[in-house]
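Residue numbers (the working numbering): 390 to 457. Here's the structure, in structure tokens; my notes come after.
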Amino acid sequence: MTDVAAMEASLAAVAVAGIDIRHALFDRFFAAFPDRRASFMVVDASSRRMTDETLQMMYGLAKGESWV
């Protein structure tokens, strides 16, 4: 299975399960870097955008896109 196929399958499974991965992602981020929480004025809004952008970049890298 390619990296792209693995990402697509994983994201599809998460979507079907109704899991919002950003909560776990940011819980882990803030646990590792607690001082960074102060950088986020509105964690809910910031976490949505940052999770989306991170997934787009990871997917782009997996596909070999030149824009990443």
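Quick reminder that beta carbons are idealized off the backbone N, C-alpha and C, glycines included.
When you compare only the Cα positions, how much space is there between residue i and residue j?
i, j, result
"Gly449", "Ala394", "12 Å"
"Arg438", "Gln445", "11 Å"
"Lys452", "Ser399", "15 Å"
"Ser428", "Ala434", "13 Å"
Looking at residue j and residue i, is the spacing between their C-beta atoms short of 8 Å?
i, j, result
"Ile410", "Thr391", "no"
"Phe418", "Val432", "no"
"Met396", "Met430", "no"
Helix, strand or coil for residue i, going by three-state DSSP, please let me know.
i, result
"Val457", "coil"
"Ala396", "Looking at the sequence provided, one finds Met at residue 396 rather than Ala. Three-state DSSP puts Met396 in a helix."
Go through the segment 403-451 residue by residue and report every complete run of the alpha helix (DSSP H) that reaches 4 residues or more, in order.
410-421
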